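To start, the structure itself, in C-alpha cells.
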Amino acid sequence: MGRIAAGIMHKNTALAETVRRTAYFLWENDGQPPGRSFDYWLRAKDMHLRQLAYDKWLADGTPPNRAETHWYQAARELGDK
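Position 59 of the sequence shown, counting from 1, maps to 1366 under this note's numbering, and the rest follow consecutively.
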C-alpha cells in the first residue's frame, strides 16, 4: 500500500476507508484497469485533500492569501507533513 497510505491508515481509519472507497469508485468507472490500484488511491487521496483544504478555507471565512495555510492544515490531517 505504500508509506503514504500507511500514514493515513495509522492516523484515521475512517478517512482511509473513505479514500479507499473513492479510489475503488474511480477505478471501476475507468474500466478496472489492472495494476493501477495505487494510482487510483493517490488520485482519491488528492481529491479528499483538495476538498478538505477548500472546506477549511470556507470555514475560515475565505480569507485572501491564506490558501497555503489551509493546504498545510489539510495535508497534516491526511497524514502528510
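We treat Cβ as the ideally placed atom computed from N, Cα and C, and that holds for glycine.
Just so it is clear, the structure is predicted and the values come from calculations on it, not from any experiment.
If you follow the alpha helix (DSSP H) that T1325 is in, where does it begin and where does it stop?
T1320 to N1336
Inter-residue Cα distance where the pair is Y1379 and A1360:
8 Å
When burial is assigned at 16 or more other CB atoms within 10 Å of the CB, is L1365 buried or exposed?
exposed
Beta carbon of L1333 nearer than 8 Å to that of A1321
no
Classify Q1339 as helix, strand or coil using the three-state DSSP reduction.
coil
Do you know how far the Cα of K1363 is from the Cα of H1377?
6 Å
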